[in-house]
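Below is one structure, written out as structure tokens, with a few remarks after it.
There are 2 protein chains.
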Amino acid sequence: MKLKFASIAFTITLSTICQPLFANNTVKPSPNGISLPEAYKDWKVISISHRTDNQSMRTILGNEIAVKAAREGNTNPWPKGSILGKLVWKQKAEEHWPTAIAPDKFVHAEFMLKDSVKYKDTGGWGYARWLGLDQKPYGNDKSFALECMACHTPVKGNDWVFTTPAVMP
Amino acid sequence: MKLKFASIAFTITLSTICQPLFANNTVKPSPNGISLPEAYKDWKVISISHRTDNQSMRTILGNEIAVKAAREGNTNPWPKGSILGKLVWKQKAEEHWPTAIAPDKFVHAEFMLKDSVKYKDTGGWGYARWLGLDQKPYGNDKSFALECMACHTPVKGNDWVFTTPAVMP
Numbered sequence: 321m322k323l324k325f326a327s328i329a330f331t332i333t334l335s336t337i338c339q340p341l342f343a344n345n346t347v348k349p350s351p352n353g354i355s356l357p358e359a360y361k362d363w364k365v366i367s368i369s370h371r372t373d374n375q376s377m378r379t380i381l382g383n384e385i386a387v388k389a390a391r392e393g394n395t396n397p398w399p400k401g402s403i404l405g406k407l408v409w410k411q412k413a414e415e416h417w418p419t420a421i422a423p424d425k426f427v428h429a430e431f432m433l434k435d436s437v438k439y440k441d442t443g444g445w446g447y448a449r450w451l452g453l454d455q456k457p458y459g460n461d462k463s464f465a466l467e468c469m470a471c472h473t474p475v476k477g478n479d480w481v482f483t484t485p486a487v488m489p
Numbered sequence: 321m322k323l324k325f326a327s328i329a330f331t332i333t334l335s336t337i338c339q340p341l342f343a344n345n346t347v348k349p350s351p352n353g354i355s356l357p358e359a360y361k362d363w364k365v366i367s368i369s370h371r372t373d374n375q376s377m378r379t380i381l382g383n384e385i386a387v388k389a390a391r392e393g394n395t396n397p398w399p400k401g402s403i404l405g406k407l408v409w410k411q412k413a414e415e416h417w418p419t420a421i422a423p424d425k426f427v428h429a430e431f432m433l434k435d436s437v438k439y440k441d442t443g444g445w446g447y448a449r450w451l452g453l454d455q456k457p458y459g460n461d462k463s464f465a466l467e468c469m470a471c472h473t474p475v476k477g478n479d480w481v482f483t484t485p486a487v488m489p
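Protein chains in written order, with my numbering: chain A, 321 to 489; chain B, 321 to 489.
Printed below as a string of structure tokens:
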């Protein structure tokens, strides 16, 4: 009986300790081992964009390290631990103001995680993307990140980041 | 001496109590008496838009009450205490991806504060706007809010709000 109690206590303790690591356990990690960042929808805004070439709308959010860096203009390079998150939607015209373009269907959430050592093979950034509302990881294997790098090559001199933090008061 | 200490203590206490009310004391209130909401740049994202009719980009943020309502689909009417904040920039093409439209110069921050009693003369919402990086209040007198209402009349049936909260996972 004592052993049973000990076992239950151990299980509860382990669950409590591991909760922050597995809170997104219904969402599979990216093929390069990156887990969906916690509570990314609650992050602060760094910028937004409207890609007219593929009719999509984006908001670029950042974790605390990234937002601090953005507000201080300390973004080339971005500091270690920065995470940039981009939420992407297809576009639609606002019903009551049709010249205003707004988010429609959710497309994906994608992330760049800065760690020059851990992600040295991909320019110091770890890339990850989860598709749709069911957040299916993008990529068949970890080589998908080479696609990301290829696309980001024009901004290699800008620490691989397209986004310029929006000016705010 | 005792009186002096008491006076200092009283002053410190008063400053501490009043700090949240006057933390934005360098920014003047709107002519209808609304103060610039605290830390609005740190609020969570509700949606974004690109107004192609006046070449501007917007992010729509919300205070905790508004974001909770947006995520629960409880927005017609929005609950009392909701504040919607809109940061507006002129648009520019991204230097390294010119078909992507992004924020350029900051134009203004504008707000809608829901209180059906307090703001009953303006459809249950208090309107306020601060112009530019120096955050000059918009409007010569409180009648400026009638302009806001006139513009928002097409969405009277949507509790006077144009924004549809963006769908997120």
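Virtual Cβ for every residue (Gly too), placed ideally from N, Cα, C. None of these values were measured; they are calculated from a predicted model.
Using 10 angstroms around the beta-carbon of PRO430/B, count the other beta-carbons present and answer buried if the total reaches 16, otherwise exposed.
Start at 1 with the first residue of the second sequence, and residue 430/B comes out as number 110. The identity of residue 430/B in the sequence shown is Glu, whereas the question assumes Pro. Answer is buried; the Cβ neighbour count reaches 16.
Going by Cα to Cα distance, which pick from GLU414/B, LYS406/B, PRO397/B, TYR360/B is closest to ASP373/A?
Within the first sequence, numbered from 1, the residue matching residue 373/A stands at position 53. Comparing Cα positions, the closest option is GLU414/B.
Between the alpha carbons of MET469/A and MET432/A, how many angstroms are there, rounded?
Indexing the first sequence from 1 puts residue 469/A at position 149. Indexing the first sequence from 1 puts residue 432/A at position 112. Rounded to whole angstroms, MET469/A to MET432/A spans 11 Å at the Cα level.
Using beta carbons (cut-off 9 Å, strictly below), is ALA343/B in contact with chain A?
Stepping through the second sequence from its first residue, residue 343/B is reached at position 23. In this predicted model, ALA343/B has a pLDDT of only 49, less than 50, meaning its place in the structure is not dependable enough to derive any value.
Could you tell me which residues DSSP puts in a beta bridge with PRO423/B?
If you number the second sequence from 1, residue 423/B lands on position 103. GLN411/B.
Measuring CB atoms only, is the segment 393 to 402 of chain B touching the segment 462 to 477 of chain A, in the sense that at least three cross pairs come out at less than 8 Å?
Touching, no.
So, with DSSP's three-state summary, where would you put ILE385/B?
The count along the second sequence starts at 1 and reaches residue 385/B at position 65. ILE385/B: helix per DSSP, three-state reduction.
Quick one: using the 10 Å Cβ neighbour count with 16 as the cut-off for buried, is THR473/A buried or exposed?
Indexing the first sequence from 1 puts residue 473/A at position 153. Classified as exposed, THR473/A has fewer than 16 neighbouring CB atoms from the shown chains inside 10 Å of its CB.
Under 7 Å Cβ-Cβ, which residues of chain B neighbour ASP373/A?
Position 53 of the first sequence, counted from the first residue, corresponds to residue 373/A. Here the neighbours are THR419.
Looking at ALA319/B: is its Cβ nearer than 9 Å to the Cβ of PRO423/A?
Residue 319/B is absent from the structure shown; chain B starts at 321 and stops at 489.
If you measure between the beta carbons of GLY382/A and LYS400/A, is that distance less than 9 Å?
Stepping through the first sequence from its first residue, residue 382/A is reached at position 62. Stepping through the first sequence from its first residue, residue 400/A is reached at position 80. It is not a contact, given that the beta carbons lie outside the stated cut-off.
When DSSP labels each residue in this structure, what does PRO474/A get in the three-state scheme?
As a working note, residue 474/A is residue 154 in the first sequence. Residue state, collapsed to three classes: helix.
Residue ranges of each alpha helix (DSSP H) within the segment 349 to 396 of chain B, 4 or longer:
Assignment of alpha helix (DSSP H) within the segment 349 to 396 of chain B, counting only whole runs of 4 or more residues, yields 384 to 392 in chain order.
Under a Cβ-count criterion, where at least 16 other Cβ atoms within 10 Å of its own Cβ denotes burial, should GLY405/B be classed as buried or exposed?
The residue you call residue 405/B lines up with position 85 of the second sequence. With 16 or more Cβ atoms within 10 Å of its Cβ, GLY405/B is classed as buried.
Give me the residue from LYS438/B, ALA448/B, HIS416/B, ASN460/B with the minimum Cα distance to THR483/A.
Along the first sequence, read from residue 1 onward, the residue named residue 483/A stands at position 163. When C-alpha distances from THR483/A are compared across LYS438/B, ALA448/B, HIS416/B, ASN460/B, the shortest belongs to HIS416/B.
Beta-carbon within less than 6 Å of CYS471/B's beta-carbon, same chain only, minus the 5 sequence neighbours each way: which residues are those?
Locating residue 471/B in the second sequence gives position 151, counting from the first residue. Its chain contains no residue whose beta carbon lies nearer than 6 Å to that of CYS471/B once the 5 sequence neighbours on both sides are disregarded.
Within 9 Å, strictly: CB atoms of PRO349/B and ALA448/B:
As a position in the second sequence, residue 349/B is number 29, starting the count at 1. As a position in the second sequence, residue 448/B is number 128, starting the count at 1. Here PRO349/B is near ALA448/B, since their CB atoms are less than 9 Å apart.
Going straight from the alpha carbon of LEU356/A to that of ALA386/A, what length do you get?
Start at 1 with the first residue of the first sequence, and residue 356/A comes out as number 36. Start at 1 with the first residue of the first sequence, and residue 386/A comes out as number 66. Straight-line Cα distance between these residues: approximately 17 Å.
Using 10 angstroms around the beta-carbon of ALA359/A, count the other beta-carbons present and answer buried if the total reaches 16, otherwise exposed.
For the purposes of this step, residue 359/A is taken as residue 39 along the first sequence, with counting starting at 1. Here ALA359/A is exposed: its Cβ has fewer than 16 other Cβ atoms, across all protein chains shown, within 10 Å.
Can you round the beta-carbon distance between ILE380/A and SER367/A to whole angstroms, since I take them to be within the 8 Å contact cut?
Taking the first sequence and counting its residues from 1, one reaches residue 380/A at position 60. Taking the first sequence and counting its residues from 1, one reaches residue 367/A at position 47. Contact check for ILE380/A and SER367/A: beta-carbon distance about 5 Å, within the 8 Å limit, so the pair qualifies.
May I ask you to report which of helix, strand or coil DSSP gives LEU341/A?
Counting from one through the first sequence, the residue named residue 341/A turns up at place 21. Note on LEU341/A: pLDDT 47, under 50, position unreliable in the model; the coordinate value appears next. Here LEU341/A sits in helix by DSSP.
Can you find a C-beta in chain A that's less than 9 Å from the C-beta of GLY443/B?
Along the second sequence, read from residue 1 onward, the residue named residue 443/B stands at position 123. Not closer than 9 Å to any Cβ of chain A, the Cβ of GLY443/B fails to qualify, so no.
Just reading off the beta strand (DSSP E) that TYR447/A is part of, what are its end residues?
By one-based count along the first sequence, residue 447/A stands at place 127. Residue range 445 to 451 is occupied by the beta strand (DSSP E) that includes TYR447/A.
Could you tell me whether the Cβ atoms of LYS445/B and TYR458/B are closer together than 9 Å?
The residue given as residue 445/B occupies position 125 in the second sequence. The residue given as residue 458/B occupies position 138 in the second sequence. Note on identity: in this sequence residue 445/B is Trp, with Lys being the wrong assignment. Going by C-beta atoms, TRP445/B is not nearer than 9 Å to TYR458/B.
Is any beta-carbon of chain A found at less than 9 Å from that of THR395/B?
Translated into the one-based positions of the second sequence, residue 395/B becomes position 75. With 9 Å as the cut-off, THR395/B does not count as an interface residue toward chain A.
Measure from the alpha carbon of LYS410/B to the alpha carbon of each residue in LYS425/A, GLN411/A, SER369/A, then state which is nearest.
Position 90 of the second sequence, counted from the first residue, corresponds to residue 410/B. Check the Cα spacing between LYS410/B and each of LYS425/A, GLN411/A, SER369/A: the tightest is with SER369/A.
Contact list for VAL475/A against chain B, beta-carbon separation under 8 Å
Counting from one through the first sequence, the residue named residue 475/A turns up at place 155. Under the 8 Å cutoff, chain B gives HIS416.
Assuming contact is defined by CB atoms lying nearer than 9 Å, are LYS361/B and PRO489/A in contact in what I supplied?
Start at 1 with the first residue of the second sequence, and residue 361/B comes out as number 41. Start at 1 with the first residue of the first sequence, and residue 489/A comes out as number 169. For the 9 Å CB-CB criterion, LYS361/B and PRO489/A form a contact.
Does any heavy atom of the ligand FAD sit closer than 8 Å to the C-beta of ALA390/B?
For the structure depicted, the ligand FAD is absent and the ligand set is empty, with no information on it obtainable.
Can you give me the Cβ contacts of ASN352/A inside the same chain, cut-off strictly under 6 Å, excluding the 5 residues immediately before and after it?
By 1-based counting over the first sequence, the position of residue 352/A is 32. Taken in chain order, the residues that qualify are LYS462, ALA465.
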